[in-house]
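Take a look at the structure below.
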Amino acid sequence: MTASAPPQVHFRTCNLCEAMCGVRIEVADGRITSIKGDDADPFSRGHICPKAVALRDLHEDPDRLRHPMKRTASGWERVSWEDAFSDITRRLHALQQEHGPHTVGAYLGNPNVHNLGAMMFGPGLLRALRSRNRFSATSVDQLPHQLVAHFMFGHQLLVPIPDIDRTRYMLMLGANPLASNGSLMTTPDVRARLRSLQERGGKVVVIDPRRTETAGIADQHVFVRPGTDALALFSLLHVVLEGNAHRMGRLAAFVDGLDTVVPLVRDFPPERTAPHTGIAPEVLRGIARDFLAAEGAVCYGRVGVSTQPFGSLCQWLINVLNIVTGNLDREGGALFTQPAFDLIGGPRALGVSPGSHGRWKSRVRGLPESSGELPVAVLAEEILTPGDGRIRALITVAGNPVLSTPNGTQLDTALSQLDLMVSVDPYLNETTRHAHYILPPASLLERGHYDLVFHVLAVRNTARYSPPVFAPAPDSRQDWEILLELQHRLETLRHGRTARATLQYQALKRLGPERLLDLGLRMGPYGSRFHPLKKDGLSLAKLRASPHGIDLGPLKSSLPGRLRHRSKRIQLAPELLVADVARLRAAFPDDAAPRDGELLLIGRRHLRDNNSWMHNVPGLVKGRPRCTLMVHPDDASRLGLADGVDATIRSRVGEVTVPVAITADVMPGVVSLPHGYGHQRSGIRLQVASAHAGVSINDLTDEQALDAVSGNAAFSATPVRVRPAEPPAPPSPSGSATPAA
Ligand code: SF4
873 MTASAPPQVH
883 FRTCNLCEAM
893 CGVRIEVADG
903 RITSIKGDDA
913 DPFSRGHICP
923 KAVALRDLHE
933 DPDRLRHPMK
943 RTASGWERVS
953 WEDAFSDITR
963 RLHALQQEHG
973 PHTVGAYLGN
983 PNVHNLGAMM
993 FGPGLLRALR
1003 SRNRFSATSV
1013 DQLPHQLVAH
1023 FMFGHQLLVP
1033 IPDIDRTRYM
1043 LMLGANPLAS
1053 NGSLMTTPDV
1063 RARLRSLQER
1073 GGKVVVIDPR
1083 RTETAGIADQ
1093 HVFVRPGTDA
1103 LALFSLLHVV
1113 LEGNAHRMGR
1123 LAAFVDGLDT
1133 VVPLVRDFPP
1143 ERTAPHTGIA
1153 PEVLRGIARD
1163 FLAAEGAVCY
1173 GRVGVSTQPF
1183 GSLCQWLINV
1193 LNIVTGNLDR
1203 EGGALFTQPA
1213 FDLIGGPRAL
1223 GVSPGSHGRW
1233 KSRVRGLPES
1243 SGELPVAVLA
1253 EEILTPGDGR
1263 IRALITVAGN
1273 PVLSTPNGTQ
1283 LDTALSQLDL
1293 MVSVDPYLNE
1303 TTRHAHYILP
1313 PASLLERGHY
1323 DLVFHVLAVR
1333 NTARYSPPVF
1343 APAPDSRQDW
1353 EILLELQHRL
1363 ETLRHGRTAR
1373 ATLQYQALKR
1383 LGPERLLDLG
1393 LRMGPYGSRF
1403 HPLKKDGLSL
1413 AKLRASPHGI
1423 DLGPLKSSLP
1433 GRLRHRSKRI
1443 QLAPELLVAD
1453 VARLRAAFPD
1463 DAAPRDGELL
1473 LIGRRHLRDN
1483 NSWMHNVPGL
1493 VKGRPRCTLM
1503 VHPDDASRLG
1513 LADGVDATIR
1523 SRVGEVTVPV
1533 AITADVMPGV
1543 VSLPHGYGHQ
1553 RSGIRLQVAS
1563 AHAGVSINDL
1573 TDEQALDAVS
1583 GNAAFSATPV
1593 RVRPAEPPAP
1603 PSPSGSATPA
1613 A
């Protein structure tokens, strides 16, 4: 009998969500036998969530595509990489020759930010396309954060991060870190960190239309009517700035615009906003008092206040609250990170642009670009509306916008009308089923990993590199190789084969993401460039030699030096945001009639299902169905809804039917559906997800509902009508049964 070889142990960062947990993976005979938390990781300290096992399941998933696929009249056919690259780039080039560069659109999904290669090589392909029709998941998520950071601090990634490990008072709006593990606040084991906050005498307060998992462990939870958070924030500021008593301290020396903000907040006493927000004035006054009194307080707002009609105002007011109370750039408040690979202050070629706004507008609705992208809510109309500049071809990279963007039904229709669609994606899903070609990259465990973005957004400065667990499968391509190949071939078709372009392409191919990463680390704040006499400056080799990662310390005060405005001053009152206050006032006039009977839809996220692609992992969808409509008992009884029984929800754009879950965890007048479901569409190859189809919340959300400043989708506060579903039709006399839903 032959003894089997001992398992190999790999240490890695889980990149399935923003939390960057360290994992310990055991592999025996080429298969993963165990995934556990890495106790020696200085950041995550052994924590993992139930999703970590999906690293194995996604790698082994029989539905994951392993070869380029072409859609033909008789179905999907395997093709060679060469044939795929050659035909795709020839057709893209021909379309751009005939209709101009903007006829090709591009959509980048959220997983790109978790992918070192895609982050390094995606921009090159976008430059080669020369199209203004670029879209990404940013405009259905965190665009208001980025735009506000660009306006106030001079760089779209200068997002203040809550100092959760030292704060004494944490006020959260529209955030549920117990489900997300921190978002734009990378925080592995957030539950333990919040518990420590409470144990050191601090307080956690949650303002949210739903009693979320985080609200469940908070010291105080306050319901707020969806879409009115900007009013609540203005009222908090009203109390904080009563008598012009700002407490900016040292920040006052480099803040401009307080004189503009003070008169604005006077208009919003808590008594005036209470009828709209549903928050009693004394409750808001109490929160403001506690916030002021705490020795280190921070306000943090996430997706619930970002994806709503006043998303940019909310993110602006959150920053203003932290600034005027002296809690920005202060231990226990909100601070900026100093990551090892500095996308903000490092060399331009390796960084992210500081951001932009309004350099061009979308063709149909005239919405402004932000940081080179248009709001994805206009993608369908840009395909469907005839005329010069219509999008005729689309490249999607790791995205499923049919399920993740507003009015997914409309986009579903639009995608079916493209002349050419190419998807760089491992799955045949609700979006990629419309593609003419699918180019699947190697598995996520077959590539090296470093979190370029999430180290910028983490609650502690650390650095960790993960080498591949498995060698790439034969004939597979990494994401970056696919993107680089498309870029090079498109540029060659446009300019001819020049020696310079060939050399550049070969150099990039040789460098790959890892060598570029090494360069960025060496040129970063901890790298050898700043320590020319020290051999131990940070480099990729040093990270490779530290498989559990390196701790670079807690967040530190960095202002005004870290600001990216030339003036090195914080802009407290950016013009576009100040101007948007008039829209807020108009939307919530003093004499507004009570909106009895109105139901507002909000989304929700579960710890086990981050995005739609997690639904093909058996371990993450097992148990009681999670795609249910949460309804308050008062509303259920008024509408005749019963727990566990189907209800039909109707919005301006669509209708879905889903089981009801009656619960006092949502406030009266609010209903909640999770996102990422809706796997009932035909032609997808997601066996597990199809068996747990649910319905898509984005068949109800409205592509016309936007945050007016940023163009971010306003998913929250979608007005809906809910009624008991019609009973299913009885079986036909011939005995053929209607398939069960
Ligand atoms: S919290 Fe996020 S990073 Fe950590 S194990 Fe879960 S999915 Fe992975």
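Start counting the sequence shown at 873; every next residue gets the next number (the numbering used here). Ideal Cβ placement from N, Cα and C applies to all residues, glycine included.
Assuming residue i contacts residue j (C-beta within less than 8 Å), just tell me the rounded distance between them.
i: residue 1170; j: residue 1194; result: 6 Å
i: residue 1549; j: residue 1568; result: 6 Å
i: residue 1053; j: residue 1276; result: Incorrect: roughly 19 Å between the Cβ atoms, too far for contact.
i: residue 980; j: residue 1008; result: 4 Å
i: residue 988; j: residue 1324; result: 6 Å
i: residue 957; j: residue 1361; result: 6 Å
i: residue 1181; j: residue 1589; result: 7 Å
i: residue 1168; j: residue 1199; result: 7 Å
Indicate the three-state DSSP secondary structure (helix, strand or coil) for residue i in the structure shown.
i: residue 1044; result: strand
i: residue 1522; result: strand
i: residue 892; result: coil
i: residue 1011; result: helix
i: residue 1078; result: strand
i: residue 1335; result: strand
i: residue 954; result: helix
i: residue 919; result: coil
i: residue 1612; result: With a pLDDT of only 32 at residue 1612, under 50, the local geometry of the prediction cannot be trusted, and no value is derived from it.
i: residue 1093; result: strand
i: residue 1058; result: strand
i: residue 1022; result: helix
i: residue 960; result: helix
i: residue 1327; result: coil
i: residue 1544; result: strand
i: residue 1437; result: coil
i: residue 944; result: strand
i: residue 1425; result: strand
i: residue 1377; result: helix
i: residue 1399; result: strand
i: residue 1561; result: helix
i: residue 1128; result: strand
i: residue 1063; result: helix
i: residue 1575; result: coil
i: residue 1207; result: strand
Which residue marks the beginning of the alpha helix (DSSP H) containing residue i, and which one marks its end?
i: residue 1414; result: 1412-1416
i: residue 1193; result: 1183-1196
i: residue 1139; result: Looking at the DSSP string, residue 1139 is not in any alpha helix (DSSP H), and its letter there is neither H nor E.
i: residue 1505; result: 1505-1511
i: residue 1364; result: 1351-1367
i: residue 1153; result: 1153-1165
Using 9 Å as the threshold, is the C-beta distance between residue i and residue j below it?
i: residue 1075; j: residue 1146; result: no
i: residue 1581; j: residue 1046; result: no
i: residue 897; j: residue 928; result: yes
i: residue 1210; j: residue 1430; result: yes
i: residue 939; j: residue 1312; result: yes
i: residue 1014; j: residue 1243; result: no
i: residue 1269; j: residue 1295; result: yes
i: residue 1319; j: residue 1346; result: no
i: residue 1028; j: residue 1225; result: yes
i: residue 871; j: residue 1558; result: Outside the displayed range of the chain (873 to 1613) lies residue 871, so it cannot be described from this structure.
i: residue 1542; j: residue 1220; result: no
i: residue 1442; j: residue 1538; result: no
i: residue 1056; j: residue 1212; result: no
i: residue 1498; j: residue 1518; result: no
i: residue 930; j: residue 1292; result: no
i: residue 1077; j: residue 1094; result: yes
At a cut-off of 8 Å, is residue i close to the ligand SAH when judged by its beta-carbon and the heavy atoms of the ligand?
i: residue 908; result: For the structure depicted, the ligand SAH is absent and the ligand set comprises only the ligand SF4.
Considering residue i, what are the terminal residues of the beta strand (DSSP E) in which it resides?
i: residue 1595; result: 1590-1596
i: residue 909; result: 903-909
i: residue 1229; result: 1229-1233
i: residue 1549; result: Neither: residue 1549 is in no beta strand (DSSP E) and is coded neither H nor E.
i: residue 884; result: 880-885
i: residue 1474; result: 1471-1476
* To do: Ignoring anything shorter than 3 residues or poking outside the stretch 1235-1309, list the beta strand (DSSP E) runs there in chain order.
  => 1240-1242, 1265-1269 and 1292-1296
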